[in-house]
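Engineer: Here it is: the structure, laid out below.
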């Protein structure tokens with residue numbers, strides 16, 4: 400059903416491959432993805448910076464990059480405007496998610512959790528991109544943030560976003 404490969408290329412954060420595979424499997428299951436081949440690379444800031452510059456022409460390190468290699472069917476079965484239906488429904492996807500453990504460690508203190516929790520957020524975010532979510536517009540970003548929060552509740556994690564409207568978070572809590 401899900402073929403998940405983990406490649407840990409960094410030394411800053413202790414990584415358990417089994418934990419990362421569980422995160423990937425959980426997200427794909429929640430998104431109702433039929434089948435997937437997912438490669439996860441855990442890297443340092445210089446590596447993700449090079450990849451960000453090479454593939455997206457962004458000259459800075461980032462937290463996560465995702466590359467969708469194949470998706471069948473290409474069009475989501477769920478209406479994008481329907482926030483209740485996962486966007487991965489019925490898809491078979493192949494993709495790669497690259498996360499920076501160094502960035503996760505650096506940012507974790509700001510959010511009062513550990514580097515593994517921050518890395519989990521990055522991995523969930525990257526996987527949601529592969530499933531069809533986007534964060535380029537304010538509306539789409541809100542949809543994606545709500546989905547991240549719903550998935551992260553499984554591990555009792557509540558991300559804090561500087562750009563997440565307080566009204567949305569309050570509505571979500573009620």
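Numbering (the numbering used here), first residue to last: 400 to 573. Cβ atoms here follow ideal geometry from the backbone N, Cα and C, with glycine treated the same way. Since the structure is predicted, the reported quantities are computational estimates derived from the model, not experimental observations.
Please report how far the alpha carbon of residue 417 lies from the alpha carbon of residue 492, in whole angstroms.
Structural biologist: 21 Å
Engineer: Label residue 393 either buried or exposed according to how many other C-beta atoms from any shown protein chain fall within 10 Å of its C-beta, with 16 as the threshold for buried.
Structural biologist: What the structure shows of the chain is the stretch from 400 to 573, and residue 393 is not part of that stretch, so it cannot be assessed.
Engineer: May I have the straight-line CA-CA distance separating residue 508 from residue 469, to the nearest angstrom?
Structural biologist: Cα to Cα, the separation comes out at about 36 Å.
Engineer: Could you pull the DSSP bridge partners for residue 499 from this structure?
Structural biologist: 442
Engineer: For the region 488–554, which segments carrying the alpha helix (DSSP H) assignment without a break, of at least 4 residues, lie completely within its bounds, in sequence order?
Structural biologist: 500–507, 514–530 and 537–551
Engineer: Which same chain residues, not among the five before or five after residue 523, have their C-beta less than 8 Å away from its C-beta?
Structural biologist: 422, 426, 547, 550 and 551
Engineer: Name the one or two DSSP bridge partners that residue 404 has.
Structural biologist: 438
Engineer: With distances taken between CB atoms, is the gap from residue 443 to residue 486 smaller than 8 Å?
Structural biologist: no
Engineer: Taking only three categories from DSSP, how would you classify residue 463?
Structural biologist: strand
Engineer: Buried or exposed: where does residue 532 fall if 16 or more other Cβ atoms within 10 Å of its Cβ makes it buried?
Structural biologist: Residue 532 is buried by the Cβ-count criterion.
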